[in-house]
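Residue numbers (this note's numbering): 5 to 684.
The beta carbon of each residue, even a glycine, is placed where N, CA and C say it ideally should be.
Everything numeric in this text was worked out from a predicted model, so none of it was measured.
Following: one structure in structure tokens, then a few remarks.
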Amino acid sequence: MMMKRTATLVLLLFSFLSLSVTAQVDESHFDYMDLFDLQMVSSPAISPDGNTIIYERHQFDVMTDRRFVNLWSISFSGENHHPLTSGTNSYGNVTWSPSGDRIAYTSSEEGSNQIFVRWMNSGETASITNLTESPGNLSWSPDGSMILFSKFVPGTSSVVKTDMPAPPSGAKWEQSAQVIEKAVYRRDGGGYVADGFDHLFVISADGGAPRQLTSGDYDHGSASWTPDGNIIFTADRSGNADLDPNNEQIYEMNIETGAMTKITDKRGPHSSPRVSPDGKLIAYTGYEDKFLGYQLTDLYVMNRNGSNLRKISQKVANDISSTTWADDSKSLFFRYTEEGVAKVGNIKLNGDYSEVAADLSSTTIGRPYSGGSYSVATNGRIAFTAGTATQPAELSVGHFPTRMQNRTLTNLNAQFLKSKTLGQVEEFWVNSSVDDFRVQGWIITPPDFDPNDQYPMILEIHGGPHTAYGPQFSPELQLMASRGYVVVYTNPRGSTSYGEEFAAYINHNYPSEDHNDLMDAVDYVIDQGYIDVNNLFITGGSGGGVLSSWAIGKTDRFRAAVVAKPVINWYSFVLTADGSPFYSKYWFTKMPWEDPEQYLERSPISLVGNVTTPTMLLTGEQDYRTPMSETEQYYAALKLQGVDAAMVRIQGSGHGIAAKPSNLFRKVAYIVGWFDKYRK
């Protein structure tokens, strides 16, 4: 009874803190419920002739606490802007037919997710499937007669035979035990893994029964058509994909005969293969696997039969993704991130490349991770999502190779933003106190900021760790700033978009000197003169949970900390996380029982005896990436040594807490409520 009463008091306390913080926010400042007024652009699909763009418009439904997506159409000129769908269902996976007379997309408007076709001249639409599993990765055949797609095919596993008696008629026994035999038996965001595999199918563009192309106990993906009507895809058909990840090979299949040819033979990964429009070359992304946590993703080209393999991205310093062949087969478009800014580039077969578009932006409502999407027409017209640190993602267009000015076609939030004063975002760089690296960061100042005043500061640390923050619109951090905090976020070593050496520095060496980079950034911001040094706070999620818990084991300069979805003990993490075969093989040199010291010396739990900082732990109840057991270990350790600590378990959430608007609100409210409690 006493434990229940204490828990109730804690919940009441934080409910009060959340309400009091909300009540103090000026109506002109960005607040929780404002999220439901925002609209954001994603996944543009430009027609083959470059005249029309279909894009996804993302919004959030206050009654169902979820994101919904509709499709809109707009001319390349910016005219003829109108919706194709409406309501609170979700639509996506738009792809144009080769002639541009139809689009295919997926929708749940009839209940389960199905493939739809829309005839662009008449506006007529029809669902062409009746599937029990959701389709994805739609692709039209070169002649427009078929649509290629992938979907999960349920299977059966060998079950341990038992001699359990059957319950008597009418008896109410507990449900049957769940028997698990897979090495990777659960995935964050997807729950416990069902028996079965992803396979490839084709269906007539006019509808009818689909035909399964691939078979066997293997996953198949990254599929696309060749100009002559075959398909190309990736798969690891070794039978050991669970325990030996990252080894997909490239295959080609004749869909009429089912004959399958393995094109690659060296170790993977081989990702996103694409055949050139002239049918002669295959481009794919990958790297020479050295079993390290970070390895630069390069772009490779080879002949259709796999001969004359060569890397063409030697001059690109950062990871390559989302490749698309130019129509003349002489170059490829690709996405990359440079110093936190997501971009589109074009690379020739000799390796020369140029920037095509910059400031790509995504539809995240959480932290400011770099991202965005683009689409290219056969004539070089390009559509992409673009934004800034104070402007959510909008639709922009350009043209390659002409140097016409890129233009933004939409301004979905213009009227809303006129009524709100956002925190302004300033970029900064700081020299590392450890070596010659320079560390990039951003400062969000509160609305109505006065540089002559003193403000509390929150250091917010990204996860990954091999990813990057950037000048992206972040409702999560804007909500913190609107409550009177200066929010600082950075890309310490290990972050991507600064070249291979910077990102790879933490291979088998994490957290390494990330802590120094973060403290250098804190010192830089303090030196600007508007920070109250008695009110410094620290938080971060996932990899940021690692670094925030590591930091409070090394310094007591922070008044309070919120450690979100952390890894606390690498030994237990690699045995409970959803990717244990990958983490144990790529992030460490030996298994935990072979070299426990390697795991312990890099674990925040090794420093917990130094911690005096009041600390909140905050994790999703269904988090299988950094499981709740990590949070529970740290919470118990803090309590055992008398540190003021609280544990918040976010319900209905995996690792991606911001998947539901209300859980994003809870995350911010608890973080700010905890900091307000200890603020002088």
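{"Check": "Between the beta-carbon of residue 387 and the beta-carbon of residue 397, is there less than 8 Å?", "Outcome": "no"}
{"Check": "What ranges does the beta strand (DSSP E) occupy inside the stretch 383-448, keeping only unbroken runs of at least 3 residues that lie completely in it?", "Outcome": "385-392, 395-403, 429-435, 442-448"}
{"Check": "Going straight from the alpha carbon of residue 15 to that of residue 661, what length do you get?", "Outcome": "Since pLDDT at residue 15 reaches only 42, below the 50 mark, its modelled position is unreliable, and the value read off the structure follows with that caveat. Roughly 19 Å between the two C-alpha positions."}
{"Check": "What residue range is occupied by the uninterrupted alpha helix (DSSP H) comprising residue 516?", "Outcome": "Premise fails: residue 516 is in no alpha helix (DSSP H) and is neither H nor E."}
{"Check": "Going by DSSP, which residues form a beta bridge with residue 352?", "Outcome": "335"}
{"Check": "So, helix, strand or coil for residue 16, using DSSP?", "Outcome": "Model confidence at residue 16 stands at a pLDDT of 37, short of 50, so the residue's coordinates are unreliable; what they give is reported in the following sentence. Three-state result, residue 16: helix."}
{"Check": "Would you report the Cα separation of residue 296 and residue 587, rounded to the nearest angstrom?", "Outcome": "10 Å"}
{"Check": "Anyone know if the C-beta pair for residue 204 and residue 227 falls short of 8 Å?", "Outcome": "yes"}
{"Check": "Please name the residue or residues paired with residue 44 in a DSSP beta bridge.", "Outcome": "62"}
{"Check": "Starting from residue 568, follow the beta strand (DSSP E) in both directions and report where the run begins and ends.", "Outcome": "564-568"}
{"Check": "Would you mind stating whether residue 280 and residue 303 have Cβ atoms separated by less than 8 Å?", "Outcome": "no"}
{"Check": "Checking 8 Å against the spacing of the C-beta atoms, do residue 518 and residue 498 come in under that value?", "Outcome": "yes"}
{"Check": "For residue 107, which residues in the same chain have their Cβ closer than 8 Å to its Cβ, ignoring the five residues on either side in sequence?", "Outcome": "49, 58, 98, 99, 100, 101, 121, 122, 124"}
{"Check": "Among 502, 330, 450, which one has its Cα closest to the Cα of residue 473?", "Outcome": "502"}
{"Check": "Check whether the stretch 164-178 and the stretch 237-256 are in contact - that is, three or more C-beta pairs closer than 8 Å.", "Outcome": "no"}
{"Check": "How would you write the range of the beta strand (DSSP E) that residue 202 sits in, first residue to last?", "Outcome": "200-208"}
{"Check": "Can you say whether residue 91 is buried or exposed, counting buried as having 16 or more other CB atoms within 10 angstroms of its CB?", "Outcome": "exposed"}
{"Check": "Residues in its own chain within less than 7 Å of residue 71 by CB, not counting five upstream and five downstream?", "Outcome": "62, 64"}
{"Check": "In chain order, what residues of the same chain lie with their CB nearer than 8 Å to the CB of residue 116, ignoring the 5 residues before and after it?", "Outcome": "135, 136, 138"}
{"Check": "How many whole angstroms separate the CB atoms of residue 47 and residue 377, which I take to be in contact at a CB cut-off of 8 Å?", "Outcome": "5 Å"}
{"Check": "Relative to the C-alpha of residue 314, which candidate in 345, 260, 355 has its C-alpha closest?", "Outcome": "355"}
{"Check": "Please tell me whether residue 365 and residue 476 are closer than 8 Å, where the distance is taken between their beta carbons.", "Outcome": "yes"}
{"Check": "Candidates 335, 605, 178, 359: which alpha carbon is nearest residue 168's?", "Outcome": "178"}
{"Check": "To the nearest angstrom, report how far apart residue 649 and residue 574 are at their CA atoms.", "Outcome": "22 Å"}
{"Check": "For residue 667, report the span of its alpha helix (DSSP H) as first-last.", "Outcome": "665-682"}
{"Check": "Three or more C-beta pairs under 8 Å: does that hold for the stretch 527-537 against the stretch 575-595?", "Outcome": "no"}
{"Check": "Give the DSSP-derived three-state secondary structure of residue 149 in the structure shown.", "Outcome": "coil"}
{"Check": "How would you label residue 171, buried or exposed, when you count the other beta carbons within 10 angstroms and need 16 or more for buried?", "Outcome": "exposed"}
{"Check": "Between residue 209 and residue 111, how many whole angstroms is the CB-CB distance? I'm expecting something under 8 Å.", "Outcome": "In fact, because the Cβ distance is near 16 Å, the residues do not count as touching under 8 Å."}
{"Check": "Between residue 23 and the rest of its own chain, which residues show a CB-CB distance below 7 Å, the 5 nearest in sequence each way excluded?", "Outcome": "Here the model assigns residue 23 a pLDDT of 40, short of 50, so the residue's position is not dependable and the matter cannot be decided."}
{"Check": "By DSSP, does residue 2 sit in helix, in strand, or in coil?", "Outcome": "With the chain running from 5 to 684 in the structure shown, residue 2 is simply not present."}
{"Check": "Which residue spans inside the stretch 244-269 form an unbroken beta strand (DSSP E) run of at least 3?", "Outcome": "253-257, 264-266"}
{"Check": "Opposite residue 155 in the DSSP bridges: which residues?", "Outcome": "203"}
{"Check": "For the candidate residues 417, 544, 445, 487, whose alpha-carbon lies nearest to that of residue 466?", "Outcome": "544"}
{"Check": "Is the Cβ-Cβ distance between residue 322 and residue 341 less than 8 Å?", "Outcome": "yes"}
{"Check": "Counting C-beta neighbours from all protein chains within 10 Å, is the total for residue 672 16 or more, i.e. buried, or is it exposed?", "Outcome": "buried"}
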